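Under numbering that gives the first Met the number 0, think of the first position of the sequence shown as 0, with each following residue one higher.
Virtual Cβ for every residue (Gly too), placed ideally from N, Cα, C.
Keep in mind that this is a model prediction, so the values were computed, not measured.
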Amino acid sequence: MVSTKFLWGAASAAYQVEGAWQADGKGLSNWDLYTNVYRATETVTGKHETGNVAINAYDRAQYLQDIALMRELGINGYRFSLSWARILPDGVGRINEAGIAHYQQFVVDLLEAGIEPIVTLYHWDLPRALDDRGGWLNRESVGWFRNYASVVREALGAKVSKFITFNEPFIDLFLIEPMIENIKSGVGSPFAITDAQYGHQAVALHHWLVASAETIGDFRAAGYRGEIGMALPLMPTIPENPGKSEDIRAAALADAVINRWCLDALFKGRYPIEVMTLFRQLNPDFAPFEEDFAILAANKPDFLGVNFYAPAFVRQEDSAPLGYDWMNTNPDPEPAAFNGPVRPDYLRRLLERIRDEYDNPAIYITENGAGFGPTDEVLDGDTVHDPRRANYIRRHIEAALKAKENGVDLRGYMVWSLFDNFEWLHGYGRRFGLVHVDFDTQKRTPKRSFDTYRDIVANGGVAATG
Ligand code: BGC
0 MVSTKFLWGA ASAAYQVEGA WQADGKGLSN WDLYTNVYRA TETVTGKHET GNVAINAYDR
60 AQYLQDIALM RELGINGYRF SLSWARILPD GVGRINEAGI AHYQQFVVDL LEAGIEPIVT
120 LYHWDLPRAL DDRGGWLNRE SVGWFRNYAS VVREALGAKV SKFITFNEPF IDLFLIEPMI
180 ENIKSGVGSP FAITDAQYGH QAVALHHWLV ASAETIGDFR AAGYRGEIGM ALPLMPTIPE
240 NPGKSEDIRA AALADAVINR WCLDALFKGR YPIEVMTLFR QLNPDFAPFE EDFAILAANK
300 PDFLGVNFYA PAFVRQEDSA PLGYDWMNTN PDPEPAAFNG PVRPDYLRRL LERIRDEYDN
360 PAIYITENGA GFGPTDEVLD GDTVHDPRRA NYIRRHIEAA LKAKENGVDL RGYMVWSLFD
420 NFEWLHGYGR RFGLVHVDFD TQKRTPKRSF DTYRDIVANG GVAATG
């Protein structure tokens, strides 16, 4: 079942593309509430936007056209996530057969097009019913997730050869969820995240990691024949001022929290000592059981999903959470993309570091891409000129393949994203697609970066010059 071909793919997530927020017995998710009730994007961008329609990807007539574009692009893998609330409207208990049937059909349609489905179980949309019960802060969340994962395994496991348990713990739990909490409270800036919020989110992160490991164990015990892993947002941390000891210390701490915490959990079955010490101080309830570490150690993933957008230049900043800032820094002359400085060299270094420090695990790049503002996206008749994105993708693929040449066990690359879509708290204002989407008419228009990626895939990773 496990293919040895290099995987060239594209990635997406349910809430960002599906729409159909109340179709066919779907339950509500936390994001349905964040957008419709708390109007979360409005606080950040000034525009009230939701994923209620998104890019209409739930609609089979639409997604068959989208699959036709995937074929044109020449990719052999498509990563997407499932909406838990479509499958289990209340999070646990009653199964919604229509939701299951939808995903079974989508998987079959992909396979018929020669495209391998790569399924993410959780990309940030939690059934509302579970959110009401404390969400990921409740230890019972580990059992809720295992139950959901086993329903999915039974429904899709025979046809899906790669599962990803969770997407990007750090970004969701330490950035987006605290911002949502601030938006709900209506006090101050959504970006004013506190140490106390970090402290309580540590418990949620622990539950994700244990739930992921338990699920990996469950899949193996049930005889699942494919591969299962987790996708981490990894950001090499660089002292903004390399001559300043405060920045050096801040970058080391940021590295422990953002990168090493999850990497150590996945591949060494433990948490970095500085994380344990710091988070116990911030939250005395953060006290992982010894048995949990045994569960992590016994259930290592088959592969690591690396989501790489940018490194983080870190500066000491007393008013920022944990005393450092990494979000508003870019000392480079090259302008940053939406997710940070454009530094493909740090993708290579990151992959080589994982090779050296974590015993060379199998790696898929599960996300890499660039979101730019409107001036970088010039719609021109039947195409869109997006030279910065094309350039970004070409340089990052080159860097990744260089790392592969240097012995990194890199097995695939998935661009984020095939289509422009709903960019969470930034709504529809940030476009990451290789294909432009007119959000009013749903018209798809391939951008020039689509051609660039198509050529790279056709040449087995080698970019045409220019
Ligand atoms: C997330 C995606 C998001 C992308 C671009 C990642 O953090 O997994 O859902 O759209 O970055 O910001």
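Quiz item: Does the region 302-320 touch the region 212-220, meaning 3 or more C-beta pairs lie closer than 8 Å?
Solution: Counting C-beta pairs closer than 8 Å gives fewer than three between the region 212-220 and the region 302-320, which falls short of the contact rule.
Quiz item: Within 10 angstroms of its Cβ, does Gln104 collect 16 or more other Cβ (buried), or is it exposed?
Solution: Taking the sequence shown and counting its residues from 1, one reaches residue 104 at position 105. Result: exposed.
Practice problem: Have a look at Lys161 and Ala251 and give me their C-alpha separation to the nearest angstrom. | Solution: Residue numbering aside, residue 161 sits at position 162 when the sequence shown is read from its first letter. Residue numbering aside, residue 251 sits at position 252 when the sequence shown is read from its first letter. Approximately 33 Å between the Cα atoms of the pair.
Self-check item: Separation of Thr276 from Ser188, as counted between CA atoms
Solution: Position 189 of the sequence shown, counted from the start, is the residue given in the question as residue 188. Position 277 of the sequence shown, counted from the start, is the residue given in the question as residue 276. A direct Cα-Cα distance of roughly 29 Å separates Ser188 from Thr276.
Quiz item: For Ser28, which beta-bridge partners are listed by DSSP?
Solution: As a working mapping, residue 28 is identified with position 29 in the sequence shown. According to the DSSP secondary-structure assignment, Ser28 is paired through a beta bridge with Pro126.
Practice problem: Taking Trp123 and Asn166 to be in contact with their CB atoms under 8 Å, please state how far apart those CB atoms are, rounded to whole angstroms. | Solution: To locate residue 123, count along the sequence shown from 1; it is residue 124. To locate residue 166, count along the sequence shown from 1; it is residue 167. A Cβ-Cβ separation of about 7 Å places Trp123 in contact with Asn166 under the 8 Å criterion.
Quiz prompt | Exposure of Gly465, with buried meaning 16 or more beta-carbon neighbours within 10 Å | solution = Here the question's residue 465 lines up with position 466 in the sequence shown. With a pLDDT of 44 at Gly465, under the threshold of 50, the modelled position of this residue cannot be trusted; read the value that follows with caution. When all chains shown are included, Gly465 counts as exposed.
Quiz item: For the ligand BGC, is there a heavy atom less than 7 Å away from the beta-carbon of Glu48?
Solution: On the sequence shown, residue 48 is found 49 positions in, with the first residue counted as 1. At a threshold of 7 Å, Glu48 does not count as near the ligand BGC, since its beta carbon sits no closer than that to any of the ligand's heavy atoms.
Practice problem: Please name the residue, chosen from Ala462, Arg248, Leu378, Phe79, that lies closest to Glu239 on a Cα-to-Cα basis. | Solution: Translated into the one-based positions of the sequence shown, residue 239 becomes position 240. Ranked by how close their Cα comes to the Cα of Glu239, the residues Ala462, Arg248, Leu378, Phe79 have Arg248 in first place.
Self-check item: Per-residue burial, Thr34 [other beta carbons within 10 Å of its own, 16 or more giving buried]
Solution: On the sequence shown, position 35 is the one that residue 34 refers to. Around the C-beta of Thr34, 16 or more other C-beta atoms lie within 10 Å, and the residue is accordingly described as buried.
Practice problem: Run through the region 279-362 for me and flag every whole alpha helix (DSSP H) of 4 or more residues, listed as ranges in chain order. | Solution: You should have 289-297, 343-356.
Self-check item: Environment of Lys4 [buried if 16+ CB atoms lie within 10 Å]
Solution: Position 5 of the sequence shown, counted from the start, is the residue given in the question as residue 4. Counting other Cβ atoms within 10 Å of its Cβ, Lys4 stays below 16 and is therefore classed as exposed.
Quiz item: Measuring from the CB of Gly156, is there a heavy atom of the ligand BGC at a distance below 7 Å?
Solution: Locating residue 156 in the sequence shown gives position 157, where the first residue counts as 1. Result no, Cβ not under 7 Å from the ligand BGC.
Practice problem: Per DSSP, which residues does Tyr468 bridge with? Please list them. | Solution: Residue coverage of the chain in this structure runs from 0 to 465, which leaves residue 468 outside it and unanswerable.
Self-check item: Terminal residues of the beta strand (DSSP E) in which Asn166 lies
Solution: Taking the first residue of the sequence shown as 1, we reach residue 166 at position 167. Taken as a continuous stretch (DSSP letters only), the beta strand (DSSP E) holding Asn166 covers 161-166.
Practice problem: Identify whether Ala56 lies in helix, strand or coil by the three-state DSSP scheme. | Solution: Locating residue 56 in the sequence shown gives position 57, where the first residue counts as 1. Of the three classes helix, strand and coil, the one that applies to Ala56 here is coil, per DSSP.
Self-check item: Distance, Lys183 Cα to Gly45 Cα
Solution: Translated into positions along the sequence shown, residue 45 becomes position 46. Translated into positions along the sequence shown, residue 183 becomes position 184. If you draw a straight line from the Cα of Gly45 to the Cα of Lys183, it is about 15 Å long.
Quiz item: Using the rule of at least 16 other Cβ atoms within 10 Å of the residue's Cβ for burial, across every protein chain shown, is Glu17 buried or exposed?
Solution: Working through the sequence shown from its first residue, we reach residue 17 at position 18. In the assembly as shown, Glu17 is a buried residue. Its beta-carbon has 16 or more other beta-carbons within 10 Å.
Self-check item: Given Gly90 as reference, the closest of Val256, Gly24, Glu48, Ile54 once Cα atoms are compared
Solution: Taking the first residue of the sequence shown as 1, we reach residue 90 at position 91. Checked all of Val256, Gly24, Glu48, Ile54; the closest Cα to Gly90 is Gly24.
Self-check item: Length of the line joining the Cα atoms of Leu120 and Leu208
Solution: Here residue 120 refers to the residue found at position 121 when the sequence shown is read from its first residue. Here residue 208 refers to the residue found at position 209 when the sequence shown is read from its first residue. Between Leu120 and Leu208, the C-alpha separation is close to 14 Å.
Quiz item: What separation, rounded to the nearest whole angstrom, lies between the Cα atoms of Gly406 and Val313?
Solution: The residue given as residue 406 occupies position 407 in the sequence shown. The residue given as residue 313 occupies position 314 in the sequence shown. Computed Cα separation, rounded: 29 Å.
Quiz item: Going by the C-beta, is Asn338 closer than 7 Å to any heavy atom of the ligand MG?
Solution: Among the ligands in the structure shown, the ligand MG does not appear; only the ligand BGC can be found there.
Exercise. Output the boundary residues of the alpha helix (DSSP H) element that contains Ile114.
Key: Here the question's residue 114 lines up with position 115 in the sequence shown. Boundaries cannot be given for Ile114, as no alpha helix (DSSP H) includes it and DSSP labels it neither H nor E.
Quiz item: If we call anything under 8 Å between Cβ atoms a contact, is Ala10 one with Ser448?
Solution: As a position in the sequence shown, residue 10 is number 11, starting the count at 1. As a position in the sequence shown, residue 448 is number 449, starting the count at 1. Contact: no.
Quiz prompt | Coil, strand or helix - Ile192 by DSSP | solution = The count along the sequence shown starts at 1 and reaches residue 192 at position 193. Under the three-state reduction of DSSP output, Ile192 falls in the coil class, being neither helix nor strand.
Quiz item: Where does Tyr147 fall in DSSP's three states?
Solution: Taking the sequence shown and counting its residues from 1, one reaches residue 147 at position 148. When secondary structure is reduced to three states using DSSP, Tyr147 falls in the helix class.
Practice problem: For His47, I'd like the list of residues in its chain whose CB is within less than 7 Å of its CB, leaving aside the five on either flank, ordered along the chain. | Solution: Position 48 of the sequence shown holds residue 47. If we look at His47 and ignore the five residues flanking it on each side, its Cβ neighbours are Arg38, Thr40, Glu41.
Quiz item: What does DSSP give as the partner residues of Val383 in its beta bridges?
Solution: The count along the sequence shown starts at 1 and reaches residue 383 at position 384. Leu378, Lys446, per the DSSP bridge assignment.
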